[in-house]
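See below for the structure under consideration.
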Amino acid sequence: MMPIRHFSPPPLAERLVARALDEEERSVRLGDLEERFQYLVQERGERRARVWYRWQVMLLVVLAVMNRFFWSCIMFRNNLIVAWRNIKRSKAYSVLNILGLATGMAVFILIMLFVRYELSYDRYHANAQNICRVIDESPGVYYLGSDVWATTPAPLAPAMARDIPEVIRATRIKVSNDVLISIGDKHFSENQFFWADPQTFEIFSFPLVRGDRSMVLKDPFSVLLSERAARRFFGDADPVGRMVGCIVYNITSEFRVDGVFRDIPANSHFVMDIVAPFETEAKIQNRDLTQWDNSYLYTYVLLRKGADVRALDRKFLALIKKYAAKTHKNRYSLQALTRIHLNPQVNAEISPTGDARFVFLLASIAVLVLAIACVNYMNLATARSLKRAKEVGLRKVVGAGKGQIVRQFLGDSMVLTFLALLIAVAGVLFILPAFNTFVERKIVFNPLSDMALMPGLVLLAAAVGTVAGSYPAFFVATFRPVSALKGMGASKARGRSLRNALIIFQFAASIVLIICTIGVRSQLRYIRNKDMGYERDQIMILSTRRGLRMNMEAFKTELIRNPAVLNVSASSCLPNNVDTTTVANWPGRPDSVKIRMYVLEADYDFTGLYRLKLARGRDFSREYPSDAGGTFLINESARKALGWDDPVGRELSWGRIGKIVGVINDYHMHSLHLPIMPLLISLNPETPRYVSVKISGKNIPATLAFIRKTWERFEPDYPFEYSFFDEVFDRAYRTERRLGKIFSAFAGLAVLIACLGLLGLASFTAEQKTKEIAIRKVLGASSSEIIFMLSREFLKWVVVANLAAWPIGYFAMRTWLQNFAYRTSLTVPMFLGAGLATFFIAAAAISLQTYRAAAANPVESMRYE
Amino acid sequence: MKLISRAEELILLAILSLGDNAYGISILEFLQEKTGNSWSFAQIYDPLDKLTRKGYVRKRQGGSTPERGGRPKSFCKLTADGRAALLEIRRVQDAVWGSIPEKSLA
C-alpha cells in the first residue's frame, strides 16, 4: 500500500506542540507523533487517530508548561532574593529610589483619580449617551466673555417633543434660589429648589426609593425629596404624605411629599434635593408659558438612539419659524449631557462646572512628574549597575544569556516599583481628603473594592517598572564579561551622555514648573495689589430676604445708629461682579445703535461706601428729590461708547427714563480676566439682593453681634449668614489660586525627585572617585577644591537645563496670562530666580555628599578597593 | 549515586533491549507490549529528557521516512554511565528484595 499522505494530523494541534517542544527535539518528536498517527489511521481509522493525536499533544504541552514554570519559578525566586539583598545592601540608594518612584506614582495616581472623576460626570444615567441639553447661542449677547447660554424659553421643550420625531422626551427644569422651607415650626433655607416636568424622571436615572413612579410630579402640589433632604427635614420619620411649606418669591405654598428619590451622585452637573412640578412655578409666578423671549429655564431632551445631533440643530430653525415671533434671534443647539461638566464656556449653569483645560493641564503635570521619577530611577540604576558589573560578568561566564540578565534587572526594578506602589497607595490614601477639599470634589479611592482600580494600579507599576528598568537592564546586559570581571575598565564611560541628558530633562522639567509657579503667583500678587477702583476692606455682605427687601430703609436706619457701622448700602449686585446686561436705550436712539451695557442698581450710599470716584457731575443725592424718580450714573467706558462728550443731564432709559447725573471713573467691575465694559448705575433702592455694611475695625465681634440682632428682628425666619467682601473678592480668583498651589506643590515635588536623583548620582561619583580624591588631597588639594571639582559637572547640566527650560516656561506663562485682560508682565528676574533656585538647591544636595567625600581621611581612602 | 526513577529504569531497559532500533515509537511500543498499559509520548519524553541531561543516554540522528512527514528519527543508545545506573538500581533492588522473606509476600 502507498504511504498515505492525505491524512495529515490536526494542524492546530501540530503547531501547538511544535511551540511547546524544545528546538533540538522538535522535528524528531513531531516525526514520532506523525509516524504513530499514520499507523493509527491504518489500524483504527482517522477519527480515533486524530483524537489520540490531540490527547498526546495536550499531555506534551502540559508537561512543557510545567517544566518551564518550574524552572522560571526557581529563577524568579533566586532573582527576588538577589534583588532583596541588593536593596538591603545599599539602603540609602534603595530608599532614594523607592521614594522617588513612590512620589511620582502617588502624584500620578492622585491626578488620574481626579481625571477619571471629572470624566465620569453624568455618565451614570442609563440614557447618558442619548440625553442632550439645549443651549442657546445668542449672537452678540456677550456676558462675561461668552455668548452661549444654558437657559432657554418655556415653550421650547413642548414644541420639540411635538415636532421633532427624534426627541422622545423633553423636560423643563427651573431652579429657584434661596427658598425657605418650613416643616411645622422648623425652618430650612434651601439653596436650590428645583421645578421640573414629570418627564425628568423618565429621562434621567433618578431611582425612586419611595413613591409611585407613574405619579411623579403629576399632582401640582406634590414634591419629591432626595434621601438626604428627607433625612434633613423629617429625621427618621416617614416623609411620604407629610406637608412641606415653601416660601418662593414671597409666596407661600403647601406641598405634599409624594416620594423620595435616591441621592444624586456628586459627579452630576446638577444635584437636586427637592423638586416640585414646573407648571406650578409658572402658575405661582403668573408666567406666560408661550413666551419665547424670556429664557430662564433649562431644557433637556432624550433622543432616539442613533439620532444625528447635527441634523437636529437645523430643525430648530423650522421650529422657531413655526412658533416664535420673527424677532426671535436665539440660535439653539444641542449639547451632549456628558459634555456639560467639562465645558466652562456656557453662561448661567445650574452649578459651577469643571474645565477640560484644567484637567488636561493636571494630567500633563502628572505625566511629567512620573517621567521625572522614572528618569530618576534610570539614572540611579544605571550608575549603580557599574557596581554590579562583577556580578553580571560572573553570571555571563557561567552561562547566563543576555535575555536572562535583562530579565533579572527588570525584575529588580519591578520589585522596587511594587514596593514604591505600596508606599504610593498609602500616600494617596493619606493625602486624598486634603486633595478633595482642594479641588472641591468627592473622589473616593478604594483600591480593594474598585474593580477597575486594582488592575490599573498593577498595570501602572508594571509599566513604570518596565520603562524605568529597561534602559538599565539593557545597559547592563551588554557588559562584556571579561572587562566586567576585570573591573569595569571599558564600560566606565558608557551611558554617561544618556545619563547627562536625563539629568538635563529632569531639571528642565522642574524649572518649567517653577517658572509656572512664579508666573501664577506674580499674577495673583498683581491682582491682590491692583487698584480695582473700589474699597474692599471691612465690608460685610448680607443677602437680602423677604423681610429686608420690604423694610430696607428701616433696616439701614437701625444699623447706622450704631457708631461702629460707618455706612450701609443696598444694591442689585456687588461692585466686583456686575451680572446684568442690557442694550442701552434712550429717547431718540436710532435702531441701528446697539451698545451693550452692564447694569447695577443701587441706592444713594453705594458709590460712597465703595468709594467709586466721580469723574464729572455729581453723585445720587437725597437732596435732589427728583433723583428718586430715576437717575443714572455711567462709567467712563460707557461715556466713550455712547460718544457723548458731556453726558451729564442727558437722558437714558432703564425701566424708566431718567437723567444721567454723573460719570464715574472706570473701575474693574469683573475679575481681571475681562476688560472694563460700559456700566450703568441706576438709582433703585427697591429690590436689592445684597446689603453692604461698612464697619469700623474696632471691636468687630460686638458689631457683628449687633448686626445679627438687627437681622433677627427683620428676618426672623432666616438664619443670619454673612461674608466679608474681601473674601467674596478673592473667590473670583479661586481657580487661579488653586493653580498657583498646584504648581508650587508639583514644582516642589519635581525638584525634590530631581534632587534625590542628583544626590544619588553625586554620591556614586564620589564613591567611584575615592582614590582620585585621596591622591589629590595628598598632593595638597583643599576640601573646597574637591567639592568644586565634584560638583562642577552636575551644576553644568543644571545650567544647561535652565537654558532649555526658559523658553518653554515663557511660552507656557504667556499663553496662560492671555486669559487675563489685565496682567502682570513676565520679567527676567522671574526666570533668573527659577534658575538660581534650582541651582542652589541642586548645589546644596550635591555638596552634602561631596563634602563627605572631600572631608574623608585620605589614608583611609587610599586603602579602599 | 542517586537512584533513577522507575520510569527511567524502564526506558533504559527498553533502549537496551531494542538495540540499534531504539527510537520514540519503538520504545513506546516496547513498553506497551511489556507492561500491557497504554503509554503517552509525554510519559516517555519527560524521563528520556532527564536521562539525556544526566548523560545516561546518547542520541544519534537517523534517516527520515515518508510516514514521518519527512522528519528524522533520533536513535538512543546507553552510555557507560547509563549502564552503571542500571546495574546500580538492580543491585539495590536485589539487596532489598533479598532481605524480604519469601513467605511475607504470600
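For the record, the sequence lines run as chains A and B. Numbering follows my numbering, in which position 68 of the first sequence is assigned residue number 68; successive positions increment by one, without gaps. Numbering follows my numbering, in which position 96 of the second sequence is assigned residue number 1096; successive positions increment by one, without gaps. Note that beta-carbon positions come from the ideal geometry of N, C-alpha and C, so glycine has one too. From a predicted model like this one, the values you see are computed outputs, not experimental measurements.
* Asked: So, is the C-beta of arginine 407 of chain A closer than 7 Å to a C-beta in chain B?
  -> For arginine 407 of chain A, no Cβ of chain B is located within less than 7 Å of the residue's own Cβ.
* Determine the chain A residues that contact phenylalanine 1030 of chain B at a beta-carbon separation under 9 Å, and present them in chain order. => Near phenylalanine 1030 of chain B there are no residues of chain A at all, since even the closest Cβ is about 13 Å away, more than 9 Å.
* Which term fits phenylalanine 69 of chain A, buried or exposed, when burial requires 16 or more other beta carbons within 10 angstroms of its beta carbon? -> Exposed is the call here.
* Work out the CA separation of leucine 459 of chain A and valine 57 of chain A for me, nearest whole Å. => Straight-line Cα distance between these residues: approximately 34 Å.
* **Interface partners of glutamate 34 of chain A on chain B, CB under 8 Å** => Contact of glutamate 34 of chain A with chain B by beta-carbon distance below 8 Å involves Glu1067, Arg1068, Gly1069 and Arg1071.
* To do: Leaving aside the five residues before and after valine 778 of chain A along the sequence, list all residues of the same chain whose C-beta is less than 7 Å from its C-beta, in chain order.
  => The beta carbon of valine 778 of chain A sits closer than 7 Å to the beta carbons of Pro858 from its chain, once the five residues preceding and following it are set aside; these are given in chain order.
* Asked: Do phenylalanine 714 of chain A and phenylalanine 811 of chain A come within 7 Å of each other at the CB atom, strictly closer than that value?
  -> No, the Cβ-Cβ distance between phenylalanine 811 of chain A and phenylalanine 714 of chain A is not below 7 Å.
* List, in order along the chain, the chain A residues whose C-beta lies closer than 7 Å to that of aspartate 1046 of chain B? -> Correct list: Leu63.
* To do: Determine contact between the stretch 380-393 of chain A and the stretch 469-477 of chain A, defined as no fewer than three beta-carbon pairs at a distance below 8 Å.
  => Verdict: yes, contact present.
* If I'm right that asparagine 911 of chain A touches aspartate 212 of chain A with Cβ under 8 Å, what's the distance once you round it to whole angstroms? => Because residue 911 of chain A is not part of the residues shown, which for chain A are 1 to 865, the question remains open.
* Where asparagine 551 of chain A and threonine 544 of chain A are concerned, what is the direct C-alpha to C-alpha distance, given to the nearest angstrom? -> Looking at the two C-alpha atoms, the distance is approximately 10 Å.
* **Exposure label - methionine 451 of chain A; buried when at least 16 CB within 10 Å** => Looking at its Cβ environment, which holds fewer than 16 other Cβ atoms inside 10 Å, methionine 451 of chain A is exposed.
* Return the CA-CA distance between leucine 362 of chain A and phenylalanine 114 of chain A, expressed in angstroms with no decimal places. => Taking C-alpha positions only, leucine 362 of chain A is separated from phenylalanine 114 of chain A by approximately 9 Å.
* Asked: How about arginine 256 of chain A and serine 222 of chain A: are their beta carbons less than 7 Å apart?
  -> Cβ distance < 7 Å, so arginine 256 of chain A and serine 222 of chain A count as in contact.
* To do: Please list the partners that isoleucine 1100 of chain B has in chain A, where partner means a Cβ-to-Cβ separation under 9 Å.
  => For isoleucine 1100 of chain B, no chain A residue has a C-beta closer than 9 Å to its own C-beta; the minimum C-beta separation is roughly 35 Å.
* Please go through the same chain and pick out, in chain order, the residues whose beta-carbon is closer than 6 Å to the beta-carbon of isoleucine 111 of chain A, but skip the five residues on each side of it. => So the qualifying residues of the chain are Leu362 and Ala366.
* **Cα-Cα separation between alanine 804 of chain A and lysine 771 of chain A, rounded to whole angstroms** => Spanning the two alpha carbons is a distance of roughly 35 Å.
* Asked: In chain order, what residues of the same chain lie with their CB nearer than 8 Å to the CB of serine 1064 of chain B, ignoring the 5 residues before and after it?
  -> If we look at serine 1064 of chain B and ignore the five residues flanking it on each side, its Cβ neighbours are Gly1070, Arg1071, Pro1072 and Lys1073.
* To do: Kindly indicate which residue of A/Leu342, A/Gly630, A/Cys516 and A/Leu21 has the alpha-carbon position closest to the one of leucine 60 of chain A.
  => Distances from the CA of leucine 60 of chain A to each of A/Leu342, A/Gly630, A/Cys516 and A/Leu21 were compared; the closest alpha carbon is that of A/Leu21.
* Asked: What residue ranges within the stretch 608-668 of chain A form continuous beta strand (DSSP E) runs of no fewer than 3 residues, ordered along the chain?
  -> You should have 614-617, 631-635, 651-654 and 656-664.
* Asked: Does the beta carbon of serine 997 of chain B come closer than 7 Å to any beta carbon on chain A?
  -> Outside the displayed span of chain B (1001 to 1106) sits residue 997 of chain B, for which this structure offers no information.
* Within the same chain, show all residues whose beta-carbon is closer than 8 Å to that of phenylalanine 724 of chain A, passing over the 5 residues directly before and after it, in chain order. => Taking C-beta separations shorter than 8 Å and ignoring five residues to either side along the sequence, the partners of phenylalanine 724 of chain A in its chain run Gln538, Ile539, Met540 and Ile541, following chain order.
* **Exposure of lysine 305 of chain A, with buried meaning 16 or more beta-carbon neighbours within 10 Å** => With fewer than 16 other Cβ atoms within 10 Å, it is exposed.
* **8 Å Cβ shell around leucine 457 of chain A - same chain, five flanking residues per side excluded** => The beta carbon of leucine 457 of chain A sits closer than 8 Å to those of Ile109, Leu421, Val425 and Pro447, all from its chain and outside the five residues before and after it, given in chain order.
* Do the stretch 145-165 of chain A and the stretch 295-305 of chain A meet, that is, are 3 or more Cβ pairs less than 8 Å apart? -> Touching, per the Cβ criterion.
* Residues that DSSP places opposite serine 253 of chain A in a beta bridge -> DSSP lists A/Cys246 as partners of serine 253 of chain A.
* To do: Answer with buried or exposed for alanine 13 of chain A, where buried requires no fewer than 16 other C-beta atoms within 10 angstroms of its C-beta.
  => By the neighbour-count criterion, in which a residue is buried when 16 or more other Cβ atoms sit within 10 angstroms of its Cβ, alanine 13 of chain A is buried.
* To do: Specify the secondary structure class of arginine 480 of chain A as computed by DSSP and reduced to three states.
  => It is coil, neither helix nor strand.
* To do: Might you give, ordered along the chain, the residues of its own chain that have their beta carbon closer than 8 Å to the beta carbon of serine 491 of chain A, omitting 5 neighbours on each side?
  => For serine 491 of chain A, the predicted model reports a pLDDT of 48, less than 50, meaning its position is unreliable and no value from the coordinates is stated.
* To do: Quick one: measure Cβ to Cβ for isoleucine 1011 of chain B and leucine 1028 of chain B, integer angstroms, because I've assumed they're closer than 8 Å.
  => The pair is not a contact, with the Cβ atoms about 10 Å apart (cut-off 8 Å).
* To do: To the nearest angstrom, report how far apart glutamate 793 of chain A and glutamate 767 of chain A are at their CA atoms.
  => Each residue's alpha carbon lies about 15 Å from the other.
* Asked: Which value, in whole angstroms, describes the spacing of the CA atoms of threonine 103 of chain A and leucine 502 of chain A?
  -> Near 18 Å, if we compare the C-alpha coordinates of leucine 502 of chain A and threonine 103 of chain A.
* To do: Output the boundary residues of the beta strand (DSSP E) element that contains proline 277 of chain A.
  => For proline 277 of chain A, the enclosing beta strand (DSSP E) has its first and last residue at 274-277.
* Cross-strand partners of cysteine 132 of chain A (DSSP beta bridge) -> Beta-bridge partners of cysteine 132 of chain A (DSSP): A/Val301 and A/Ala336.
* Which residues, taken in chain order from the stretch 13-45 of chain A, show a beta carbon closer than 7 Å to some beta carbon of chain B? -> Residues of the stretch 13-45 of chain A with a Cβ closer than 7 Å to any Cβ of chain B, in chain order: Ser27, Val28, Arg29, Leu30, Gly31, Asp32, Leu33, Glu34, Glu35, Arg36 and Gln38.
* Asked: Do we get a CB-CB distance below 7 Å when we pair phenylalanine 1041 of chain B with the residues of chain A?
  -> Contact with chain A is found for phenylalanine 1041 of chain B, since one of that chain's Cβ atoms lies less than 7 Å from the residue's Cβ.
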